[in-house]
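Data block below; observations after.
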Amino acid sequence: MMMKRKFAGWACAVLAGVAALNVMAEEVSSPVLARLSNGETITEKDVSQYLDRRVDLRAASRNAWGLENVVQEMALTRALNLEGQAMGEVRRGDGKAERFDDVYGYGIFKKLAPVCEQPADEAATRRFYEQNPKAFSVPTTARLSRIMLPRSEKVDGEPAVGWLLAQIQAIGAGATTFGAVAEKAEKFYRLDPQGDLGWVSLGGDTSIMGALADAKPGDIVGPVPEGEFIYIFQVNAKRDGRVLRWDEASSMAAKRAVSYCQEQGQVQVRERMFQKYGVTVDKPAISNLFKVTKTGG
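At the far end of the sequence shown sits residue 506, using the numbering used here, and the numbering has no gaps.
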């Protein structure tokens, strides 16, 4: 009897060790991009499977900043799923539990988010406008032209970054124009627009936006690496950010009060869920995915 107990204990220890090794092997083969305090992880493999379903997010995942946003959305969805289970909320349909169940997570989010209603009258709307200038802030915008190429691309036998540097010098010397260079770049990459992008908001925390924020009309910015691509931009015109005047904002201020409340509510719910479930996003690991891709190409 004693030998059976010892054997059972030894077998359990071996199985636990094998399970731990399997987890370690999974993390080595698929980098961990986020962790929760309960021991769960979100790996590159998880993201890939999630994007198979969320085709609307695929384009956003093509650079480090965009992929970070995708991982944060997955982490929030998972935290909301855990919160729903803790609340005893029953899943609809077949009841099959998915780790990143968007529909179930959104249902829990709506229960946690504040109720947002329009101000009662014009006086209340004007009061909201005066007390919340950020809600009516227009970010700095710029009329931009862009040229982008995959880092691994070669143009006229030259690596993309070297070719773009040569084109910047040629534009500066008056030997060619930004538009002409964009037309040539389009022969090598046409999945995204080359040339004029129109008016673009310069909001967002990316290396590209940071570089453009300090540029003046007429400046060429770049080459700027971001993810798998290399970019150059020409700033054709610029409008500084400002707060809308009341006469500009009054017609839509009531609706803006609702949308601003929803935006703030989303931030608050995310912060609460991330804190409660100990969510940490590994930004260096996300950035490293693109470095590995670059080296491998």
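Yeah, the Cβ is synthetic: ideal placement off N, Cα and C, and Gly gets one too.
Asked                                                                                                   : Found
N- and C-terminal bounds of the alpha helix (DSSP H) containing M482                                    : A462 to K485
Residues bridged to T385 [DSSP beta-bridge criterion]                                                   : Looking at the DSSP assignment, T385 forms no beta bridge with any residue, so it has no partner.
Segments of 4+ residues assigned as alpha helix (DSSP H) that fall wholly inside the stretch 301 to 348 : 311 to 321 and 331 to 340
Heavy atom of the ligand NAD within 7 Å of E253 beta-carbon                                             : This structure simply doesn't include the ligand NAD, nor any ligand for that matter.
Coarse secondary structure for N445, derived from DSSP in three states                                  : strand
Extent of the continuous alpha helix (DSSP H) to which R262 belongs                                     : E253 to R262
Closest Cα partner of F318 within the set Q327, R287 and E307                                           : R287
Beta-carbon gap between V161 and L242 smaller than 8 Å                                                  : The structure shown does not extend to residue 161, since the chain is modelled only from 210 through 506, so no value can be given for it.
Residues sharing a beta bridge with E367, DSSP                                                          : V364
Run of the alpha helix (DSSP H) containing G275, from where it starts to where it stops                 : A273 to M296
Best match in F483, V478, K500 and A494 for proximity to A322 [C-alpha to C-alpha]                      : V478
I429 and I417 closer than 8 Å at C-beta                                                                 : no
Per-residue DSSP class, three states only, for E435                                                     : strand
Separation of A332 from A268, as counted between CA atoms                                               : 43 Å
Whole-angstrom distance between Q443 and S354, CA atom to CA atom                                       : 5 Å
Contact between the stretch 325 to 345 and the stretch 459 to 468 (3+ Cβ pairs under 8 Å)               : yes
For N231, the three-state DSSP class (helix, strand or coil)                                            : Since pLDDT at N231 reaches only 48, below the 50 mark, its modelled position is unreliable, and the value read off the structure follows with that caveat. If DSSP states are grouped into helix, strand and coil, N231 belongs with the helices.
Beta carbon of L411 nearer than 8 Å to that of T350                                                     : yes
From T489, F499, C470 and F309, residue whose alpha carbon lies closest to that of Q327                 : C470
Cβ-Cβ distance between V324 and I356 below 8 Å                                                          : no
Same chain only: Cβ atoms within 7 Å of L266, ignoring 5 sequence neighbours per side                   : L260 and V279
Three-state class that DSSP yields for L411 in the structure shown                                      : coil
Y440 - partner residues in DSSP beta bridges                                                            : M357 and V433
With 16 other Cβ atoms within 10 Å as the buried cut-off, status of W372                                : buried
Euclidean distance between Cα positions of S496 and Q340                                                : 39 Å
For V347, the nearest candidate out of R244, K500 and K447 (CA to CA)                                   : K447
Simplified DSSP assignment, three categories, for V488                                                  : coil
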